[in-house]
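Residue numbers (our numbering): 446 to 563. The beta-carbon is built from N, C-alpha and C at its ideal position, and this holds for glycine as well. Worksheet: one structure, shown below.
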């Protein structure tokens, strides 16, 4: 570790897989300046847990859980496919596997911010 390196540990508790996934995708959005809305983060997290958002019963479950509508989901899916956060694989819309984790297990993130002016 470099001298002067600042270490800060955060250990928030989450109530379930969905809240852990939402926290993770909020961090990704913030660090990468994606400017995702709360509903977009919820849809990404939900889809990562459920595996896809293509089937009517999964969409209905999302609508019930988050008090939203199918057209809203469709609009968000369209936007997230353009950014490659969502991909279509074997006819199903899912979260890009590069950013999917097992949210039932503890997650440790290491973020290194380096100042380019040094």
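Taking C-beta atoms as the reference points, residue 498 and residue 538 count as a pair closer than 8 Å.
Secondary structure remark: continuous alpha helix (DSSP H) runs of at least 4 residues inside the stretch 469-548, in chain order: 483-495, 501-511 and 515-527. A check of alpha carbon separations from residue 482 across 532, 518 and 553 identifies 518 as the nearest. With a threshold of 16 other beta carbon atoms within 10 Å, residue 492 meets it and is buried. Closest in alpha carbon position to residue 470, among 522, 456 and 540, is 540.
Around the beta carbon of residue 530, a 10 Å sphere encloses 16 or more other beta carbons of the protein chains shown; the residue is thus reported as buried. For the pair residue 494 and residue 466, the CB atoms are nearer than the 8 Å cut-off. DSSP, reduced to helix, strand and coil, places residue 462 within a helical segment of the structure shown. Separation of the CB atoms of residue 476 and residue 556 is rounded to 7 Å, and the pair is thereby assigned contact status at 8 Å. DSSP, read as helix, strand or coil, puts residue 559 in coil.
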